[in-house]
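Accompanying notes for the structure given below.
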Amino acid sequence: MAKAVKVNSNLWNGKFKIEEMRIYDGLTEKEINTVLEYQKVLPCLQDENDKGYINARTLHEQLKVGKVFANWIKERISKYEFDNGIDYKTVIAKSGKNSKGGRPSKEYQLSLDMAKELSMIENNDIGRTSRKYFIAIDKAFKYRSQWNKGRQASIDTF
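In this note's numbering, each residue carries its 1-based index in the sequence shown increased by 45.
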């Protein structure tokens with residue numbers, strides 16, 4: 046099983062390895078390859094409830110939107126009525142200041158559902174590939190969670 050690396054107080058970077066993914070029934074070889082390849086450029090974080098999150102800045106860069114990040118994310122949140130705490134979480138960057146020396150930057154951790162929707166909205170090849178990745182990694186997280194619960198139940202019976 047992939048080793049989980051603590052990223053902040055409640056999100057984990059639990060990258061998948063091929064050996065782990067092959068033990069989960071229900072993932073196709075194509076989905077496995079999509080996750081293994083794409084998690085390098087769009088790492089998905091996992092919280093204690095096995096919910097996946099994507100960093101909005103990373104998604105913005107990957108989608109090659111062509112707009113300033115802050116304007117793009119605010120516009121998308123407003124236009125598509127995404128809810129803070131449900132569709133995304135906001136945090137202040139730990140570095141204290143942004144790269145240009147101003148106030149600390151606001152980071153957005155997007156739910157996989159929101160990331161999928163934003164990818165579809167962009168209506169380009171990168172967006173379609175991103176959406177397929179989010180669908181596959183969401184399935185992988187669910188299988189990981191089920192597998193861990195089954196494993197814990199087996200341990201508890203001893």
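The C-beta atom is built at its ideal place from N, Cα and C for all residues, glycine as well.
Collapsed DSSP secondary structure at residue i in the structure displayed
| i | result |
| --- | --- |
| V136 | strand |
| D175 | Before going on, a small fix: residue 175 reads as Ser here, not Asp. Correct three-state label for S175: helix. |
| Q195 | First, the amino acid is wrong: residue 195 is Gly here, not Gln. Of the three classes helix, strand and coil, the one that applies to G195 here is helix, per DSSP. |
| K112 | coil |
| D201 | helix |
| Y69 | coil |
| L104 | helix |
| S150 | coil |
| Y125 | coil |
Residue i, buried or exposed, once every other Cβ within 10 Å from all chains shown has been counted against 16
| i | result |
| --- | --- |
| T79 | buried |
| Y133 | buried |
| Y98 | buried |
| I68 | exposed |
Per DSSP, cross-strand counterpart(s) of residue i
| i | result |
| --- | --- |
| L155 | I99, Y133 |
Alpha-carbon spacing of residue i relative to residue j, whole angstroms
| i | j | result |
| --- | --- | --- |
| R189 | I131 | 22 angstroms |
| I63 | L81 | 7 angstroms |
| A49 | Q91 | Unreliable placement is indicated for A49, whose pLDDT of 39 sits below 50; no coordinate value is reported for it. |
| T174 | Y83 | 9 angstroms |
| S164 | A101 | 11 angstroms |
| R148 | G195 | 46 angstroms |
| G71 | K96 | 19 angstroms |
CB of residue i within 8 angstroms of CB of residue j, strictly
| i | j | result |
| --- | --- | --- |
| F179 | K161 | yes |
| Q107 | I171 | yes |
| L155 | L87 | no |
| E152 | T135 | yes |
| E74 | V110 | no |
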